Amino acid sequence: MTAHIRTLIGYVLISVIAINCSSKKTDKDEKGEKFKSGLVFDVGGRGDKSFNDAAFRGVEMAKEKFGIGYEYIEPGEGADREAALRQLSSQSDIAIIIGAGFIFTDDITAVAKEFPNKKYVCIDYSVDTSKSIPENLAAITFREEEGSFLVGALAAMVSKTGVIGFVGGMDSPLIRKFQKGYENGAKQVRPDVKVITGYAGLTGEGFKNPAKGKELALSQYNQNADVIYHASGITGLGVFEAAREKSRLVIGVDMNQENEAKTPDGKTFVLTSMVKVVDEVVLNEIGNVKNGTFKGGHKVLGLAEKGVDYIYNDVNRYLISDSVRTAVEELRRKIIQGEIKPM
Amino acid sequence: MELAIIFFLQVCRIAVPYLLTSLGATYSERSGVINLALEGLMLIGAFGATIGQFYTGSALVGVVVAIALGLVFAALHALVTVTFKANQIVSGIALNILAVGLTKFFLRALFGSASNSGRIAGIEVPMILLDPIFLFALIAIPLSHLFFFKTPFGLRLRAVGENAEAAATLGISVPVTRYQAVLISGALAAIAGAFLAFQQHSFTDGMIAGRGYISLAAMIIGKWLPLGAATASVLFASAEALQLNLQSDAIPTQLVQSLPYLVTLLVLVGFIGKSVPPREIGKPFEK
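Just so you know, the protein sequences line up as chains F and C, in that order.
Every letter in the first sequence is one number past the one before it in numbering that gives the first Met the number 0, and letter 285, counting from 1, is 284.
Every letter in the second sequence is one number past the one before it in numbering that gives the first Met the number 0, and letter 279, counting from 1, is 278.
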């Protein structure tokens, strides 16, 4: 009996919501303008000083620039990412939903098919050529190997010992791209360079183990590496700690991480960071929805599109001589013109 | 030679959390209470140490806060399992989840970040061999051995785990003994967590990364004995250090990374023989 009543109430609620949605939708279409963006975070969540924060900054920038408000959901550890996407999708005032992280690939593809009137953006989409990408989904990937190639070349030129290191998070095709680009970049400018590599794990936990990151980095520094590039999320915080302990150099990832390892006199041990401009991408896509120029499909952003880059500013200038900078910029030009293949 | 020393120091650093936590687990389990909350206890300890030192600047205060939080958490486990006689495994798992949520919540509330706290100084020593927590672990292991097998209290604790009813008829309070054992386990796991936070100079979300469960395995492989658990902990730490140093393109990472687990399996089937838990482990005591 009670079960029946509950089902009944459920149906009534669903229909009320459905009616609400459809009525509001037409309302919005007439006015054209008023909509919000929705963001679902990756495992790390808001405040990870990396990927998620970059995506969040994107929606904040859209609010400042276009006056487009936002809502966000942090699904946490569980598998309720799909539910979060669906919840935002069913809100009539939200026109564009962003999923930050490759982990969203399957969920966002499924939800995008169910809500053809909404626009979707997936950062670091994991492209599967056997499956089609819905028209209303912008699947963003980056050519991490290009940015990694440049920081690899930089590391090899700055290294005094001729040995450089790489610490990866989860051993996966995505992180292997970082490693390959880095190695190739280093070998391009210094064929005899030795690259030591290490991974923190075989599962997602590999991105969340700073103590292991520190030990991996210490091992590499002890094997004479004097620059280490990390692509390992929070595990990387351990790599920075090792750099500080050993007074050696380290290269950050995703965001400008220059503040993660400071020298006692306030300078930085962070040679540079290989950055992905996630915030700009999010801002652009929201702008596209606003202007009605949104296009779905697979978008690949590399050096040419300024989707990836490395940091060169007042903080790390003292570590990078002008000749090195010129050489790296020359490599950038060659990659953009297709003269060098980073992978 | 130099490489050997570096390797040895690395093993020491990796081993400390395992040593302390598995030792603590020995207390709890010997008294008959399964402690699956080790992971959460370590996490809460790491967090306590971080906030303690962050706000006072003193590593000692950090350790004190860590132990205090560890005791509160362990008391919760004891309350649920000993006083209310709930399932010990469920309680442990629930506490682990609670620890993840609580630390994340306060991390955001206090530091405005979901990933890591502000930087702390940790314990500044030139090398691990002089680290007070390392030295404490080194002393605690033989002391615990003496405690278990040479003192009346140790005998009572073991009796409660083997046959609670018999112990009770002899006038030993089963609940009090179990509370004490679980609290010791909580304090030791929290100190292990503090060590990790000090090494890392900050608290990061989920930083224990399964070390609590590895400690539990070390205790089981060590046959519920303090010295056994310590040996197993060092074995695990060595395998992990070896794994860190062996990674190269020559051997597939997957193979190298499975090394610690392979060692566990080999030791378990090859050398340890039958590992017998305390007879009344997991059973709540009914008068």
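The beta carbon of each residue, even a glycine, is placed where N, CA and C say it ideally should be.
Treat the numbers as computed from the prediction; the structure is a model and nothing was measured.
Got a sec? Which residues, its chain only, sit under 8 Å from residue i by beta carbon, not counting five neighbours each side?
| i | result |
| --- | --- |
| Tyr-228 of chain F | Ser-147, Val-150, Gly-151, Ala-154, Ile-163, Gly-164, Phe-165, Val-166, Phe-177, Tyr-181, Val-249, Ile-250, Val-252 and Met-273 |
| Ala-326 of chain F | Ala-152, Met-156 and Val-188 |
| Ser-201 of chain C | Thr-49, Asn-115, Ser-116, Gly-117, Arg-118 and Ile-119 |
| Ala-77 of chain C | Val-32, Arg-177, Tyr-178, Val-181 and Leu-182 |
| Ala-61 of chain F | Ser-36, Ile-67, Tyr-69, Val-281, Leu-282, Ile-285 and Gly-286 |
| Glu-164 of chain C | Phe-284 |
| Ile-122 of chain C | Ala-58, Asp-130, Pro-131, Ile-132 and Phe-197 |
| Val-62 of chain C | Ala-48, Gly-51, Ile-132, Ile-190 and Ala-193 |
| Glu-59 of chain F | Tyr-69 |
Can you give me the Cβ contacts of residue i inside the same chain, cut-off strictly under 7 Å, excluding the 5 residues immediately before and after it?
| i | result |
| --- | --- |
| Ala-210 of chain F | Gly-237 |
| Arg-85 of chain F | Val-110 |
| Ala-217 of chain C | Tyr-17, Ser-21, Ala-228, Ala-231, Ser-232 and Phe-235 |
| Ala-65 of chain C | Gly-44, Gly-47, Ala-48, Gly-51, Ala-189, Ile-190, Gly-192 and Ala-193 |
| Asn-135 of chain F | Ala-111, Pro-115, Lys-117, Lys-118, Tyr-119 and Gly-295 |
| Lys-305 of chain F | Val-276 |
| Leu-258 of chain C | Ala-238, Leu-241 and Gln-242 |
| Gln-256 of chain C | Gln-242 |
Which of the three DSSP states, helix, strand or coil, is assigned to residue i?
| i | result |
| --- | --- |
| Lys-64 of chain F | helix |
| Phe-141 of chain F | strand |
| His-229 of chain F | strand |
| Asp-106 of chain F | helix |
| Lys-207 of chain F | coil |
| Asp-321 of chain F | helix |
| Val-51 of chain F | A quick correction: the sequence has Asn, not Val, at residue 51 of chain F. Looking at Asn-51 of chain F - three-state DSSP - the assignment turns out to be helix. |
| Thr-25 of chain F | For Thr-25 of chain F, the predicted structure reports a pLDDT of 36, less than 50, and the residue's modelled location is therefore unreliable. A value from the coordinates is still provided. Correct three-state label for Thr-25 of chain F: helix. |
| Ser-21 of chain C | helix |
| Gly-251 of chain F | strand |
| Asn-115 of chain C | strand |
| Thr-203 of chain C | strand |
| Glu-239 of chain C | helix |
| Glu-336 of chain F | Just to set this straight, residue 336 of chain F is Gln in the shown sequence, not Glu. Three-state result, Gln-336 of chain F: coil. |
| Val-32 of chain C | coil |
CB-CB under 6 Å to residue i, same chain, minus the five flanking residues each way: which ones, in chain order?
| i | result |
| --- | --- |
| Leu-201 of chain F | Asp-170 |
| Leu-87 of chain F | Gly-37, Ile-93 and Ile-96 |
| Arg-247 of chain F | Tyr-220 and Asp-225 |
| Pro-174 of chain C | Val-81 |
| Cys-11 of chain C | Ile-127 |
| Lys-207 of chain F | Ile-233 |
| Asp-28 of chain F | In this prediction, Asp-28 of chain F has a pLDDT of 40, which is less than 50 and means its spatial position is unreliable; what the coordinates show is noted afterwards. So no residue of the chain qualifies. |
| Lys-213 of chain F | Gly-237, Glu-240 and Ala-241 |
| Asp-191 of chain F | none |
| Val-314 of chain F | Glu-257 and Thr-267 |
| Leu-215 of chain F | Val-166 and Gly-197 |
Where residue i and residue j are concerned, what is the direct C-alpha to C-alpha distance, given to the nearest angstrom?
| i | j | result |
| --- | --- | --- |
| Ser-91 of chain F | Phe-114 of chain F | 11 Å |
| Lys-35 of chain F | Arg-142 of chain F | 29 Å |
| Val-79 of chain C | Ala-85 of chain C | 6 Å |
| Thr-45 of chain F | Ala-113 of chain C | For the record, residue 45 of chain F in the displayed sequence is Arg; it is not Thr. About 6 Å. |
| Gly-221 of chain C | Pro-277 of chain C | 13 Å |
| Ile-334 of chain F | Asn-255 of chain F | 22 Å |
| Lys-282 of chain C | Ala-98 of chain C | 24 Å |
| Arg-316 of chain F | Gln-9 of chain C | 34 Å |
| Leu-305 of chain C | Leu-101 of chain C | Outside the shown range of chain C, which is 0 to 286, sits residue 305 of chain C, and nothing can be said about it. |
| Lys-273 of chain C | Ala-230 of chain F | 43 Å |
| Ala-82 of chain F | Ala-137 of chain F | 20 Å |
| Gly-98 of chain F | Lys-130 of chain F | 19 Å |
| Val-268 of chain C | Ile-219 of chain C | 13 Å |
| Phe-268 of chain F | Gly-235 of chain F | 14 Å |
| Val-71 of chain C | Leu-94 of chain C | 11 Å |
| Leu-75 of chain C | Asp-105 of chain F | 40 Å |
| Gly-205 of chain F | Thr-168 of chain C | 51 Å |
Could you check how far apart the C-beta atoms of residue i and residue j are, in whole angstroms? I think they sit under 8 Å.
| i | j | result |
| --- | --- | --- |
| Gly-51 of chain C | Val-60 of chain C | 5 Å |
| Glu-279 of chain C | Asn-162 of chain C | 6 Å |
| Gly-100 of chain F | Asp-123 of chain F | 6 Å |
| Phe-50 of chain F | Glu-73 of chain F | Not confirmed; about 13 Å, so no contact. |
| Gly-91 of chain C | Leu-19 of chain C | With 8 Å as the limit, Gly-91 of chain C and Leu-19 of chain C do not qualify as a contact, their Cβ atoms being about 18 Å apart. |
| Ala-24 of chain C | Leu-37 of chain C | 6 Å |
| Ala-186 of chain C | Ile-171 of chain C | About 22 Å; that fails the 8 Å criterion. |
| Arg-331 of chain F | Leu-302 of chain F | 6 Å |
With DSSP as the reference, identify every bridge partner of residue i, one or two as the case may be.
| i | result |
| --- | --- |
| Ile-97 of chain F | F:Leu-38 and F:Val-120 |
| Tyr-71 of chain F | F:Leu-38 |
| Phe-165 of chain F | F:Thr-196 and F:Tyr-228 |
| His-297 of chain F | F:Ala-138 |
| Lys-261 of chain F | F:Thr-267 |
| Lys-273 of chain C | Paired residues: none, contrary to the question. |
| Val-274 of chain F | F:Asp-253 and F:Asp-308 |
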